[in-house]
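In the working numbering, the protein residues as written are 5 to 77. From the three backbone atoms N, C-alpha and C, an ideal C-beta is built for every residue, glycine too.
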Amino acid sequence: ALGRSILQQAKDAGLVRELEACGVKVIPDLCWCSITEPIFPLTARNLMTNSGKYAHYAPGLCGRTVRFGGLRD
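Pasting the structure below:
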């Protein structure tokens, strides 16, 4: 989940442009528990999160392998 104010700060710093250039899709105002298709492409088998809570619950919610880590990872 990414709030609008944090998204604006990331845009102002040029981070969103860099992430999107790497194929990252930034989606604000979305509860982690509702992240399934079509947010995840059907072909996506693995995902990464910096949320310990989502790393725990995501495999059961979305049926994918989950890795826990930060943006530097």
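In DSSP terms, what T69 is bridged to: N50.
Environment of A25 [buried if 16+ CB atoms lie within 10 Å]: exposed
When H60, S38, C66, D77 are compared against T47, the one with the closest alpha-carbon: C66
Spatial neighbours of N54 in its chain, beta-carbon cut-off 6 angstroms, leaving aside the 5 residues before and after: G74
Exposed unless 16 or more other CB atoms sit within 10 angstroms - verdict on A17: Its Cβ having fewer than 16 others within 10 Å, A17 is exposed.
Beta-carbon separation (whole angstroms), N50 vs R68, contact threshold 8 angstroms: Between N50 and R68 a beta carbon distance of about 6 angstroms is seen, short of the 8 angstroms cut, so the two are scored as contacting.
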